[in-house]
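Residue numbers (mature numbering (1 follows the signal peptide of the UniProt record, and there is no 0)): -21 to -1, 1 to 117. Where a beta carbon is used, it is the ideal one built from N, C-alpha and C, also for glycine. Working notes, beginning with the structure itself.
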């Protein structure tokens, strides 16, 4: 079952990625090109970057400790941080995150930010697997 965890986590990340269609200009027509919630989207991005930095620091602590009990505690903490970050990503993305009220450039930027965060999460998952000894060297 532990071998399934990274796969399920990756699928969850993919499932939280918003699906976009060609109607990205809808917000421009309704809001004159500026969405009311675009600023909150960027604040969400900044908060997510802060979360990612915290996860990286926890991973550094995992890698630098020789105490197995401390390593397990840090790994549980890191897993919870990843879970929380994934929840935040699902809340900030998609139409519920105000994407309908953004112009095309803002939508593209938000999508790029989301993709960057997903990539960072995947890197964290790989580091987590290596630290737990469940994955070979890559």
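When DSSP labels each residue in this structure, what does residue 112 get in the three-state scheme?
It is coil, neither helix nor strand.
Could you give the distance in angstroms between the alpha-carbon of residue 110 and the alpha-carbon of residue 64?
C-alpha separation (whole angstroms): 20 Å.
Going by the beta-carbon positions, is the gap between residue 103 and residue 34 smaller than 8 Å?
Yes, the pair counts as a contact, with Cβ atoms nearer than the cut-off.
Around the C-beta of residue 62, are 16 or more other C-beta atoms found within 10 angstroms, so that it is buried, or is it exposed?
Counting Cβ neighbours within 10 Å, residue 62 comes out exposed, since fewer than 16 surround it.
Is it true that the CB of residue 106 sits closer than 8 Å to the CB of residue 120?
Examination of residue 120 is not possible in this model, given that the chain is present from -21 through 117 alone.
When the distance is taken between beta carbons, is residue 41 closer than 8 Å to residue 50?
Closer than 8 Å, so yes.
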